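Visitor:
Number of protein chains: 2
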Amino acid sequence: MTDKKEIRQRLRMLRTAMREAGVDYYLVPTADFHNSEYVSGYFKAREFLSGFTGSNGMLVVSREEAGLWTDGRYFVQAEKELADTGIRLFRMQEEGVPDIPVYLEQNMWEGQSLGFDGRVVTAAFGKQLENALSGKNVRIVSEQDLVDSIWRDRPAFPCSRAETVPVEYCGESVAQKLAKVREKMKQSKASALFVSKLDDLMWLFNLRGNDVAYNPVLMSYGFITEKDAYVFLQAGSLQRETLESMRGAGVWIRDYWSIVPFLQEYFLAGRSRGILLYDDRNVSYAMYRIFWAYGNCREGSSPTELLKAVKTETELEYIRKIYLKDSIAVTKFIHWIKKAVREQSLTEYSAAQYLDNLRRGIPEFLDVSFPTISAYGEHGAMMHYEADETDCAPLKEAGMLLVDSGGQYLGGTTDVTRTIVLGEISQEMKEHFTAVATGMLRLAGARFLYGCTGRNLDILARGPLWDLGMDYKCGTGHGVGYMLNVHEGPQSIQWRYRKQIPEAVLEEGMLVTDEPGVYLEGRYGIRTENVLEVKEWLQCDSGRFMEFSHLTYVPIDLDAIVPEQMSEKEREALNRYHRQVRETISPYLTEEEQVWLTEVTREV
Amino acid sequence: MTDKKEIRQRLRMLRTAMREAGVDYYLVPTADFHNSEYVSGYFKAREFLSGFTGSNGMLVVSREEAGLWTDGRYFVQAEKELADTGIRLFRMQEEGVPDIPVYLEQNMWEGQSLGFDGRVVTAAFGKQLENALSGKNVRIVSEQDLVDSIWRDRPAFPCSRAETVPVEYCGESVAQKLAKVREKMKQSKASALFVSKLDDLMWLFNLRGNDVAYNPVLMSYGFITEKDAYVFLQAGSLQRETLESMRGAGVWIRDYWSIVPFLQEYFLAGRSRGILLYDDRNVSYAMYRIFWAYGNCREGSSPTELLKAVKTETELEYIRKIYLKDSIAVTKFIHWIKKAVREQSLTEYSAAQYLDNLRRGIPEFLDVSFPTISAYGEHGAMMHYEADETDCAPLKEAGMLLVDSGGQYLGGTTDVTRTIVLGEISQEMKEHFTAVATGMLRLAGARFLYGCTGRNLDILARGPLWDLGMDYKCGTGHGVGYMLNVHEGPQSIQWRYRKQIPEAVLEEGMLVTDEPGVYLEGRYGIRTENVLEVKEWLQCDSGRFMEFSHLTYVPIDLDAIVPEQMSEKEREALNRYHRQVRETISPYLTEEEQVWLTEVTREV
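Top line first, the protein sequences correspond to chains A and F.
Going by this note's numbering, the first residue of the first sequence is number 246, and it counts up by one from there.
Going by this note's numbering, the first residue of the second sequence is number 246, and it counts up by one from there.
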């Protein structure tokens, strides 16, 4: 933990910098220039200033006060880390706690100024701030990173080697992808497209990197017009083969740090006759300000998002193969842990290590796709629990271990959750486990007309829990990248309407997770997660029907299944799935594992 | 059928009128001033001009050509009725057939003018026309009803007696309703509200009438400001008690025909400082033009729509009672027809008459809520089939009769469909019937978090059909009025996203129909429809859960049920429903009917 005195000193320095810059309130979020899911050390200014290490938090510093906003996962930790720093904790979503725009509206005076680094705030959030303060004559100063001047040992800006994805792995050349993007631009009457979402850029330019933890991406921007395409990369990332492959696709390479002058020049040169398309949710407020100062622009989803989500047949072939290997590793892990827990002393952390090592043994393995969640007992109720070596629970021969994990492979990105019974569990746990498994299988077995979105289907996964008067607060499913981010859009399985989140039709070739769960704070957590592939089922007079096919083949723990709670059809679905698991996985197991698998995939 | 020569003569007269008015294309829709579901004789200008008698159709007349657009239900009939009139039939939704805006865009020349009576075209459709023709410099002339001058024996404008609904029947006074409406206006920052939807007006002012077939409404408008409320009624409708009840509620009565000068004066007097709210889907293009010419206005749903849809406890008590009586009539009808078909010679029409007479025997009966659909065999595949005395199928001891019917009562409006087995039916029919019944019960049995809309739930009703690769083209359910229109919004059960149709959360106290079906053209149709009441089920840590409760208690024909096709839980749901039917209805049946009901509601 950073010394509290040190934190207070940093805040003093920031306030001095604020005074010099004429800024009354300064806002420090937790984000990089591209709204990535994880941020590297360079972007941990909020942690540097506050000492709070959680993954979600935003700091607001005024001349007299400082406040940190974070969510329920981090309340306990934040209290500890913020003690004696003078920073007040704002518990997000709790009754009576204002969010940041409201707080600023309530506290700022007429004529004051709000500062932040416009590059690490999304256009959408920046506009929220503008709206909240519009009646107050507050000046927004978004051009300066005030933390930089006081952060002596700031970590380096991430800059990894660019890797080129051969067409054999993705089925489409950059030129083919550009043609598709331009077709979509034409349909939406945009003559230029600005992309700052890193996984979209990696997809479009068939590149990969390592600038964001778990996400194999490079710091980059893209600018596509009807005729030209530009990719903005750091000089340090460039390889000879990057230059060659971009040249081959007719893509201009520009320096990552030249994006702002490039855009200004582009607009000033009057080349921008048509509309520039950009995406509010991912483009930074700094970029947004440039667009609106100079150009004729429109907010909207980038076509790259949907195109990326629909996997090519080449990608799907690799994905199916890699999910098989990944499923074998997880199945072996389950076999091992159910026995090992009775023979060795294990912890959440050592269990996770064992699983990560099994994945490492797969030749195509590159990295895990997110930190393995190995959550025992009540830890399972925390959706994003992460055990570490020095702070983790020992596993006992009782209760359940929730393991949510995935890998980055040459050939795909995986994501799977199983909740494993380690010993005695209560009847209530079994009933909840059965409801979760039933919901997972009900959604996976859906047949639906083309045109359906996740909003139409979510009730299938939630139904068995809703019938018990239970629910989980998160979505049921998200898209999954291909050798890219484990979370991607635009599709999702989520019943609730959200204005900010566009609703995407489930298209053939999309992947989606199916992960209902039960989370009882202080008691236990259950989640069963498969990844599904969207396929066409039938075309007939009534229309085009779609269905899912499982990519994940890992047994669901029958020790927690109450067969009588399921209908005949639901039991059949479970048995059919287990038969598939057995037939698919068995050939790759040891004899002992095979015997075990036959037993744990028996008919119920 | 009108004489074809006469039709040609009328078109010639219209063209003369067009020439005099300087109009190149004239459009004649099928609507009244309020976009009502049915139109009275006064508004049947399209039928007068074309001879086409179907309920849906729009006529476009140019100096040389004339075309009529209608949907698939009416293709055969329209061909017959349009023959030798010189009017070309445009088959809506068929491949290669342009819709009217596209047709006009393709055919009209620069500088030409399009005419129509702006009072019988919705603002939404008028704007579509404007958009389609925006690039063509076409003038839109919407101020003249050119048909009026050539229609000598035009039926009178509908003008029925106003009836006042006592508060004992609806639970809320006009003053209370106005307070609620104003509260919603405040929330949406509107300082005036214009209402032209007749059922909304009847609800708001506790009035009823008889100006539209099956819909107990009066031709009227409403104008609500923060302080004042105006209702515009025809002098001929007014009763002494109307005057008294409006005076009691502080509502100003104005003449129906003075609405335009009233609005002009209102705007000109500058009383309109704030925003006027109006609803595009129901307000006429003529009104819309006034708003935009004068005022500060905004398009949006009228708060009356949602307030009307949530029934008061008083209304619900009456509704539950009247649905019981209505269910008894339908049950008696089913008992009768299953026997009578073997003993008498019956037709679709005589069957409908028998049912209508049973309803007429209920003391609270006022009218049917729509023309009874009695559709035998292949007629069942037509969703809006209407048999008449001279053109109807005889019933045989085979196949199925689909009967969709409802009543207007003092105490509620009903809607129910049963498909009745009259004799031998095929295994396929039974399987389809079972899938429909299963879907109906699955939706009715749903438990769901508050916040769900029909889009989240529709898959429950459609699932059993989708699993068979089948679908029905219409929605699964609609709201139902209280002593008002049998179809009302804003709630609906429909999976597909429709931009024009707002999605409404299912609120406690709403009614919604649940009517999946199978429609096989030229073969048979199946529909099973109950009306459901939305109720709160449970409030707990996980949130507020909702459920449905049946209002309709009529047996589902077990002669067409294949129990093996249903899961245990689904069979239980059917048995539970039939037990409720038996317990609820039996006391009101004859001994013979009771014996029969016990048999037809037996456990499967």
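Where is the CB? At the ideal position from N, CA and C, for every residue including glycine.
Since this is a predicted model, take the numbers as computed values, not measurements.
(1) Would you mind sorting A/E733 into buried or exposed? The rule is 16 or more other CB atoms within 10 Å of its CB.
(2) Using a Cβ-Cβ distance cut-off of 9 Å, determine whether A/R743 contacts chain F.
(3) So A/L729 is in the alpha helix (DSSP H); what residue range does that whole segment cover?
(4) Pairs of beta-carbons, one from the region 440 to 456 of chain F and one from the region 469 to 482 of chain F, closer than 8 Å: are there three or more?
(5) Which stretch, first to last residue, makes up the beta strand (DSSP E) that contains F/N775?
(6) Where do the ends of the beta strand (DSSP E) carrying F/S619 lie?
(7) Among residues of its own chain, excluding the 5 on either side of A/F402, which ones have a beta-carbon nearer than 6 Å to its beta-carbon?
(8) So what does A/I469 bridge to, in DSSP terms?
(9) Pull up the distance between the alpha-carbon of F/D525 and that of F/S547, whole angstroms please.
(10) Could you tell me whether any Cβ in chain A is nearer than 9 Å to the Cβ of F/A691?
(11) Can you tell me which of A/E778, A/S529 and A/K434 puts its alpha carbon nearest to the alpha carbon of A/G388?
(12) Can you give me the start and stop residues for the alpha helix (DSSP H) that A/E486 sits inside?
(13) So for F/C404, helix, strand or coil by DSSP?
(14) With distances taken from CA atoms, which of A/F370, A/L438 and A/T829 is nearest A/Y511?
(15) For A/R543, which residues from the same chain have a beta carbon less than 6 Å from its beta carbon, with the 5 sequence-adjacent residues on both sides left out?
(16) Using C-beta distances below 7 Å, list every residue in its chain close to F/A262, excluding the 5 sequence neighbours before and after it, in chain order.
(17) Determine, using beta carbons only, whether F/D759 and F/L688 come nearer to each other than 9 Å.
(18) Scan the region 298 to 372 of chain A and note each continuous alpha helix (DSSP H) run of 4 residues or more that stays entirely inside, going in chain order.
(19) Quick check: A/V462 and A/N730, are their CB atoms within less than 9 Å of each other?
(20) Buried or exposed, going by whether 16 or more other CB atoms sit within 10 Å of the CB of F/R202?
(21) Which residues in the same chain have their Cβ closer than 7 Å to the Cβ of A/R768, if we skip the five residues on either side of it in sequence?
(22) How many Å lie between F/E350 and F/L378 at the Cα?
(23) Would the region 628 to 638 of chain A count as touching the region 661 to 681 of chain A if we require 3 or more Cβ pairs under 8 Å?
(24) Looking at the strands, I want to know which residues DSSP matches up with A/H850.
(25) Applying the criterion that 16 or more other CB atoms from any shown protein chain within 10 Å of the CB defines a buried residue, is A/K744 buried or exposed?
(26) Is there at least one Cβ from chain F nearer than 9 Å to A/M674's Cβ?
(27) Would you mind giving the Cβ-Cβ distance between A/T298 and A/V284, rounded to the nearest angstrom? I have them listed as a contact below 8 Å.
(28) Helix, strand or coil for F/T576, going by three-state DSSP, please let me know.
(29) How would you list, in chain order, the residues of chain A whose beta-carbon sits under 8 Å from the beta-carbon of F/C697?
(30) Check the Cβ of A/T434 against every Cβ in chain F and list those closer than 8 Å, keeping chain order.
(31) Measuring alpha carbon to alpha carbon, tell me which of A/A420, A/I469, A/G540 and A/D500 ends up nearest A/M491.
(32) Does A/L783 come within less than 9 Å of chain F when only Cβ atoms are used?
(33) On the three-pair Cβ rule with 8 Å, is the region 257 to 271 of chain A touching the region 346 to 364 of chain A?
(34) Specify, as a first and last residue, the run of the beta strand (DSSP E) that A/W396 falls within.
(35) Residues in the region 426 to 454 of chain F with C-beta within 7 Å of chain A's C-beta atoms, listed in sequence order?
(36) F/G495: buried (16+ other C-beta within 10 angstroms of its C-beta) or exposed?
Guide: So, to answer that:
(1) buried
(2) no
(3) First-last for A/L729: undefined, no H or E at that position.
(4) yes
(5) N775 to C785
(6) I618 to Y621
(7) Y287
(8) A/L438 and A/A474
(9) 10 Å
(10) yes
(11) Checking the sequence, you will find Glu at residue 388 of chain A rather than Gly. Of the candidates A/E778, A/S529 and A/K434, the one whose C-alpha sits nearest the C-alpha of A/E388 is A/S529.
(12) R485 to G493
(13) coil
(14) A/L438
(15) I520 and L522
(16) L391, S394 and I395
(17) yes
(18) 320 to 327 and 345 to 352
(19) yes
(20) For chain F, the structure presents residues 246 to 849; residue 202 of chain F sits outside this window and is missing.
(21) E623 and A626
(22) 6 Å
(23) no
(24) Residue 850 of chain A lies beyond the stretch modelled for chain A, which goes from 246 to 849, so this question has no answer here.
(25) exposed
(26) no
(27) That pair is no contact at about 12 Å.
(28) helix
(29) I704 and W740
(30) Before going further, note that residue 434 of chain A is Lys rather than Thr in the sequence given. The contacting residues do not exist; A/K434 stays about 14 Å from chain F at best.
(31) A/A420
(32) yes
(33) yes
(34) Per DSSP, A/W396 belongs to no beta strand (DSSP E) and is neither H nor E.
(35) none
(36) exposed
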